[in-house]
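J.: Sharing a structure below in structure tokens format, with a few things to ask.
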Amino acid sequence: MSEAVSSGSVVTQKELMEDYGAGNGRKGALPAAVVFCETADDVVGLTKWARENGRKILPVSSAPPHESAVVQKEGYVVCDLSRMKRIVRADRRNRVALAEVGVTFEELDGALERVGLRAMTPLAPRTGKSVVASYLDRTPTLVPRAQWDLSDPLLCTEVIMGSGKLFRTGCSSGPGTLEEQWATGQAQKNPMGPSAFDFFRIVQGSRGSMGIVTWASMKCELRPRVHELLMLPSDDLAPLIRIVYGIAHARWGEECLILDSNNLTRLTGVPGMPAFALLVGVAGFDYRPEQRVSYQKRGIEGIISSEGARVSRSIAGVGGRRMLQVITSPSDPYWKGSPAEHADVYFLTTMNRAPDFVSVIDETCKKEKFDRAQVGLYLQPQLGGRVTHFEATVFAPREEADRMTRALAEAAAAKGAYFSRPAGNWDDLAYRDKPLLVETFRRTKKIFDPDGVMNPDVLFCKEVV
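Be aware that the sequence shown starts at 15, since it is given in the numbering used here, and climbs by one per residue.
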């Protein structure tokens, strides 16, 4: 194995491998080894070695503790990509960056700040979280106005398939090397291709079961010159939903999300939060930033006043500036706690149906005799407000949290929840009653990973029909 990975290192010490296996509330097994790959050639070499020796590969790119990237069964080798830290390009003109898979949000943001850009971030990601891994998992970002496809902000990628072949997606596939493309003004901004084949959609969301991505280009946005956060607390979710639709229709604002009191308290560390709060960012950029902020604030406040509500300068003593910093910056320690202390269930719906699913949460907690106050809710409009990411976090010891997320997922599925990002102990719900989908996935994997070396047990771990 060491010969197959020329520049990387191979680790077999048990105490170092425990970060990738069972423990800390996770179920699984220890890997046979952990390989720290530092180049694409290392990944190619490891993949070919795994094919020849009948091993399976689990790709990991974020810093520990790992929650979903955990070895499920024996016979795995972990491909740790966290040392691949090059930020290859930050292009302000085209608002795009190209970075290796080990780059974290805090590292990317520091590089983008120097050229007047910012990354599209999820809600308070944990310190050490890989940007590329987050985008590959389609983790929702905070600015629905800037999202045109659920794949955004992911663009082009470099992928090593299960066959050991290196492949580039989108316009990065050529003709020419990256340097030759840059010389002609290209910026790896178009994710479609090569030809009429959107190959990146096979890799995105596959949880490392189709191939290993070594770098990706990603959409960025201009860094604001003026940036404010409007906060609207409410005891009722319904008026906040109507306000979100009004803001989305006008295409105003930047960040836009709804949090409940539990999540607000855990994010800020401040008790006494309202039942729900709508948070809307307003920003001005290079030209007349104050004027842009002023007219958008007037418009948004007009929508809010039509519901008989008013913007609050602070919520439970937390002002807009601090709240904006909290939701957009990596959190250390992670605001949800360790993997042993929580579990998530999330799905897609529309914003107008959110109250129905809140009722599902309430009823399921009552049925399961679980404390409703230990469940936090996060509603994130996506695609300019046309769809909503609904996320419930159960804060409890992992075994109890897993029991509750399964119950919540089953209840939500019965109400029409769409599980576009299967994960956790409820991942089989995405494939239930979809035999054609399952068969298509299996055939696709056989094409790109003929020997099944790429994290095969993450797909269809349970019997699906």
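We put the CB at the ideal spot given by N, CA and C, even for glycine.
Does DSSP put residue 29 in a helix, a strand or coil?
T.: Locating residue 29 in the sequence shown gives position 15, counting from the first residue. The answer is helix: DSSP assigns residue 29 an H, G or I state.
J.: Could you check where the beta strand (DSSP E) with residue 233 kicks off and where it finishes?
T.: Locating residue 233 in the sequence shown gives position 219, where the first residue counts as 1. Counting along the chain, the beta strand (DSSP E) containing residue 233 begins and ends at 225 to 236.
J.: Is residue 248 helix, strand or coil when you go by DSSP?
T.: Sequence index remark: in the sequence shown, residue 248 carries index 234 (1-based). DSSP places residue 248 in strand when its eight states are reduced to three.
J.: Any idea which residues DSSP pairs residue 405 with across the strands?
T.: By 1-based counting over the sequence shown, the position of residue 405 is 391. DSSP output for residue 405 lists 360, 392 as bridge partner(s).
J.: Quick check: the Cα distance between residue 140 and residue 358, rounded to an integer number of angstroms?
T.: The residue labelled residue 140 in the question sits at position 126 within the sequence shown. The residue labelled residue 358 in the question sits at position 344 within the sequence shown. Those two C-alpha atoms are separated by around 15 Å.
J.: Rounded to the nearest angstrom, what separates residue 212 and residue 162 at their Cα positions?
T.: As a position in the sequence shown, residue 212 is number 198, starting the count at 1. As a position in the sequence shown, residue 162 is number 148, starting the count at 1. If you take the alpha carbons of residue 212 and residue 162, they lie about 16 Å apart.
J.: Closest to residue 431 by CA distance: which of 377, 403, 176, 67 is it?
T.: Locating residue 431 in the sequence shown gives position 417, where the first residue counts as 1. Ranking 377, 403, 176, 67 by Cα distance to residue 431 puts 403 first.
J.: Are the C-beta of residue 381 and some C-beta of chain D separated by less than 8 Å?
T.: Although the question refers to chain D, the structure presented lacks it and comprises just one protein chain.
J.: Once the 5 residues before and after residue 94 are set aside, which same chain residues still bring their CB inside 6 Å of it?
T.: As a first step, residue 94 is located in the sequence shown; it is residue number 80 there, counting from the start. Hits under 6 Å: 48, 50, 74.
J.: Measuring alpha carbon to alpha carbon, tell me which residue in 259, 435, 57, 53 is nearest residue 176.
T.: Along the sequence shown, one-based indexing puts residue 176 at 162. The option with the nearest alpha carbon to residue 176 is 57.
J.: Okay, do the region 174 to 190 and the region 453 to 466 touch, 3+ Cβ pairs below 8 Å being the bar?
T.: Yes, the region 174 to 190 is in contact with the region 453 to 466.
J.: Taking the beta strand (DSSP E) that residue 197 falls in, what are its first and last residues?
T.: Within the sequence shown, residue 197 is the residue found at index 183, counting from 1. No beta strand (DSSP E) contains residue 197, which is instead part of the alpha helix (DSSP H) from 192 to 197.
J.: For the beta strand (DSSP E) containing residue 182, list its first residue and its last residue.
T.: For the purposes of this step, residue 182 is identified with residue 168 of the sequence shown, where counting begins at 1. From DSSP, the beta strand (DSSP E) with residue 182 extends over 180 to 182.
J.: Near residue 123, what residues of its chain come up, given a Cβ to Cβ distance below 7 Å and the 5 sequence neighbours on each side ignored?
T.: Within the sequence shown, residue 123 is the residue found at index 109, counting from 1. Around residue 123: 132, 133.
J.: What separation, rounded to the nearest whole angstrom, lies between the Cα atoms of residue 183 and residue 105?
T.: By one-based count along the sequence shown, residue 183 stands at place 169. By one-based count along the sequence shown, residue 105 stands at place 91. Going from the Cα of residue 183 to the Cα of residue 105 covers about 19 Å.
J.: Tell me whether residue 185 sits in a helix, a strand or coil according to DSSP, three-state version.
T.: In the sequence shown, counting from the first residue as 1, residue 185 sits at position 171. Of the three classes helix, strand and coil, the one that applies to residue 185 here is helix, per DSSP.
J.: Is residue 301 buried or exposed, if buried means 16 or more other CB atoms sit within 10 Å of its CB?
T.: Residue 301 sits at position 287 when you count from the first residue of the sequence shown. Exposed, since its Cβ has fewer than 16 Cβ neighbours within 10 Å.
J.: Who are the near neighbours of residue 85 in its chain, counting only those whose CB is closer than 6 Å to its CB and skipping five residues on each side?
T.: Along the sequence shown, read from residue 1 onward, the residue named residue 85 stands at position 71. Closer than 6 Å at the Cβ level, and outside the excluded window around residue 85, lie 34, 35, 42, 43, 45, 72.
J.: Between the region 192 to 204 and the region 109 to 124, are three or more C-beta pairs nearer than 8 Å?
T.: Contact holds: three or more Cβ-Cβ distances are below 8 Å.
J.: Rounded to a whole number of angstroms, what is the C-alpha to C-alpha distance between residue 242 and residue 387?
T.: Here residue 242 is taken as the residue at index 228 of the sequence shown, counted from 1. Here residue 387 is taken as the residue at index 373 of the sequence shown, counted from 1. Going from the Cα of residue 242 to the Cα of residue 387 covers about 30 Å.
J.: Going by the beta-carbon positions, is the gap between residue 249 and residue 303 smaller than 8 Å?
T.: Locating residue 249 in the sequence shown gives position 235, where the first residue counts as 1. Locating residue 303 in the sequence shown gives position 289, where the first residue counts as 1. For residue 249 and residue 303, no; Cβs fall outside 8 Å.
J.: By Cβ distance, which residues of its chain are closer than 7 Å to residue 478, with the 5 residues on each side in sequence left out?
T.: In the sequence shown, counting from the first residue as 1, residue 478 sits at position 464. Interpretation of residue 478 is limited by its pLDDT of 45, a score under 50 that renders its predicted location unreliable; no figure is taken from the coordinates.
J.: Bridge partners for residue 297 per DSSP, in chain order?
T.: Counting from one through the sequence shown, the residue named residue 297 turns up at place 283. Residue 297 pairs with 241.
J.: DSSP three-state label for residue 51, please.
T.: Position 37 of the sequence shown, counted from the start, is the residue given in the question as residue 51. Of the three classes helix, strand and coil, the one that applies to residue 51 here is coil, per DSSP.
J.: Indicate whether the contact test is met: 3 or more Cβ pairs, each with one atom in the region 409 to 428 and one in the region 347 to 366, closer than 8 Å.
T.: The answer is yes - the region 347 to 366 touches the region 409 to 428, with three or more Cβ pairs under 8 Å.
J.: Considering residue 269, what are the terminal residues of the beta strand (DSSP E) in which it resides?
T.: Reading the sequence shown from its first residue, position 255 is the one you call residue 269. Looking at the DSSP string, residue 269 is not in any beta strand (DSSP E), and its letter there is neither H nor E.
J.: Who are the Cβ neighbours of residue 23 in its own chain at under 6 Å, not counting the five residues just before and after it?
T.: Looking up residue 23 in the sequence shown gives position 9. Hits under 6 Å: 50.
J.: What residue range is occupied by the uninterrupted beta strand (DSSP E) comprising residue 422?
T.: Against the sequence shown, residue 422 aligns to sequence position 408. From DSSP, residue 422 is part of no beta strand (DSSP E) but of the alpha helix (DSSP H) over 412 to 428.
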